[in-house]
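Residue numbers (the numbering used here): 484 to 615. Worksheet for the structure shown next.
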Amino acid sequence: MLQGFKKFILRGNVLDLAVAFVMGAAFTAVVTSLVEDLLTPLVAAVFGKQDFSALTFTVNHSVFRYGAFINALLSFVLIAAALYFFVVAPLNALDERKRRKAGLPPQEDPLTEVELLTQMRDLMAAGRDDRP
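Take a look at the structure:
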């Protein structure tokens, strides 16, 4: 039984997953710091406020803290922008540069479901036409 456990733990995909998890946790700290220490103060410089959590309104003695929602939404948008502009876009540009150097054609966008279904329909129709 211990041999099976050892085999399971030392399998490549489990180790890859563990490494990815640790790297993701470390990268989270970098992205969080970028957003909290650089991008959020930039928003504060533009809008004059860094923290919207104090914004509320009351209806029938129920307090709605819409400022906390604005903070969460702003944080999400800033994190998404940071990931896109500092990770995704540069990696896509690097991939495209490698493809050009290797003489490969530019990578095309994948077909939509409608385009794939249309191609399948056309191929099946052409197959029916070929029957004796």
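All residues carry an ideal CB built from backbone N, CA and C; glycine is no exception.
Can you name the start and end residues of the alpha helix (DSSP H) that residue i belongs to?
{"i": "residue 552", "result": "549-566"}
{"i": "residue 491", "result": "485-492"}
{"i": "residue 528", "result": "523-530"}
{"i": "residue 579", "result": "572-584"}
For residue i and residue j, which I take to be in contact (beta-carbon distance under 8 Å), what is that distance rounded to the nearest angstrom?
{"i": "residue 585", "j": "residue 514", "result": "31 Å between Cβ atoms; not a contact."}
{"i": "residue 589", "j": "residue 579", "result": "7 Å"}
{"i": "residue 550", "j": "residue 535", "result": "4 Å"}
{"i": "residue 497", "j": "residue 488", "result": "With a Cβ gap of about 11 Å, residue 497 and residue 488 do not count as contacting."}
{"i": "residue 553", "j": "residue 577", "result": "About 35 Å; that fails the 8 Å criterion."}
{"i": "residue 526", "j": "residue 533", "result": "7 Å"}
Determine the burial state of residue i: buried for a count of at least 16 other Cβ atoms within 10 Å of its Cβ, exposed for fewer.
{"i": "residue 518", "result": "buried"}
{"i": "residue 561", "result": "buried"}
What residue range does the beta strand (DSSP E) around residue i cover?
{"i": "residue 542", "result": "540-542"}
From the options, pick the residue whose C-alpha is nearest to that of residue i; which is it?
{"i": "residue 523", "options": "546, 558, 605 and 591", "result": "558"}
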